[in-house]
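Once you know that position 59 of the sequence shown is 550 in my numbering, the rest is easy, because the numbers rise by one and skip nothing.
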Amino acid sequence: MSVNLTLLLVMGVLYAVGIYLLLERSLTRVLLGLMLLANATNLLLLATGGYAGLAPIFNKDIPPTEYNDPLPQAFILTSIVISFAVTAFMLSLIYRSWLLSRADDIQVDREDLRVAKQALYDDEEDSEIPIEVSDFHENNQPAAKRETIPGIGPKKAVQLLSEPAVPHKKPRKDKA
492 MSVNLTLLLV MGVLYAVGIY LLLERSLTRV LLGLMLLANA TNLLLLATGG YAGLAPIFNK
552 DIPPTEYNDP LPQAFILTSI VISFAVTAFM LSLIYRSWLL SRADDIQVDR EDLRVAKQAL
612 YDDEEDSEIP IEVSDFHENN QPAAKRETIP GIGPKKAVQL LSEPAVPHKK PRKDKA
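Spelled out as structure tokens, the structure:
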């Protein structure tokens, strides 16, 4: 199978420009980026189909290797339908945004900025804790037999459940 270099270059440029446009704050540019990504994907599927061959209509005189594979063409057709639906949805979002604010730019959110400045590790959210079996029913099993996160055995889970919420200070050792 020979690869068409021009097709690959066009596909690479479409992917690069599409991803660049997806990172913009304008919904119109995001829509254009999605459309370019869909077209690049269609070219990728077309390139995977191989050489152009005969229509896949069975005839005893034609060897099977000369037929064209219809599966990439079916994938391209499905991709076109999906990209049309996504384009219609994005157009409705752009239209609604234009009606409400007369702009299609996505505003900077204060909560996003706060999360971006937050430390990567949070003791409360990232610590290993026992897994509860159900939130809706009481757990009749003792804590030692409950399912836990891998890496914490049942004894550690019992210690975690029995520790007070506020850490206590360790007693000082008097020097003698």
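Positions of the beta carbon are idealized from the N, C-alpha and C atoms, including for glycine.
None of the values given here were measured: they were computed from a predicted structure.
With H, G and I counted as helix, E and B as strand and the rest as coil, what does DSSP make of residue 600? Residue state, collapsed to three classes: coil.
Should the segment 495-502 be regarded as contacting the segment 515-526, the criterion being three or more beta carbon pairs within less than 8 Å? No: fewer than three Cβ pairs fall under 8 Å.
Could you tell me the boundaries of the alpha helix (DSSP H) in which residue 531 lies? Per DSSP, residue 531 belongs to the alpha helix (DSSP H) from 518-539.
By a C-beta neighbour count over all protein chains shown, 10 Å radius and 16 as the cutoff for buried, is residue 457 buried or exposed? No answer is possible for residue 457: the residues shown for the chain start at 492 and end at 667.
Would you kindly work out how many angstroms separate the C-alpha atoms of residue 645 and residue 566, rounded to a whole number? Any reading at residue 645 must be qualified, since the residue scores a pLDDT of 49, below 50, and its modelled position is unreliable; no value is offered.
Do residue 589 and residue 595 have their C-beta atoms closer together than 8 Å? Yes, the Cβ-Cβ distance between residue 589 and residue 595 is below 8 Å.
Excluding five sequence neighbours on each side, which residues of the same chain lie with their C-beta closer than 8 Å to the C-beta of residue 582? The residues are 522.
Taking all protein chains shown into account, decide if residue 541 is buried (16 or more other Cβ within 10 angstroms of its Cβ) or exposed. The residue is exposed, with fewer than 16 neighbouring Cβ atoms inside 10 Å.
Check the DSSP bridge columns for residue 558 and list the partner residues they point to. Its beta-bridge partners are 545.
Look up residue 605 in the DSSP assignment and say whether it is helix, strand or coil. In the three-state DSSP reduction, residue 605 falls in the helix class (H, G or I).
Give a yes or no on whether the C-beta atoms belonging to residue 558 and residue 545 are separated by under 8 Å. Going by C-beta atoms, residue 558 is nearer than 8 Å to residue 545.
Burial state of residue 543, where buried means 16 or more other Cβ atoms lie within 10 Å: Taking every protein chain shown into account, the CB of residue 543 has fewer than 16 other CB atoms within 10 angstroms, so this residue is exposed.
Alpha helix (DSSP H) containing residue 505: first to last residue? Note, residue 505: alpha helix (DSSP H), 496-513.
Compute the Euclidean distance between the alpha carbons of residue 507 and residue 573, then round it to the nearest angstrom. Approximately 21 Å, taken between the alpha carbons.
Using the C-alpha atoms, what's the distance from residue 518 back to residue 593? Taking the straight line from one Cα to the other gives about 12 Å.
Just mark residue 528 as buried or exposed, buried being the case when its beta carbon has 16 or more other beta carbons within 10 Å. Under this definition residue 528 is a buried residue.
DSSP three-state assignment for residue 645, whether helix, strand or coil: At residue 645 the pLDDT is 49, less than 50, meaning the model places this residue with poor confidence; the figure from the coordinates comes in the next sentence. Reduced to three states, the DSSP call for residue 645 is helix.
Are the Cβ atoms of residue 531 and residue 513 separated by less than 8 Å? Their beta carbons are not under 8 Å apart, which means residue 531 does not touch residue 513 by this criterion.
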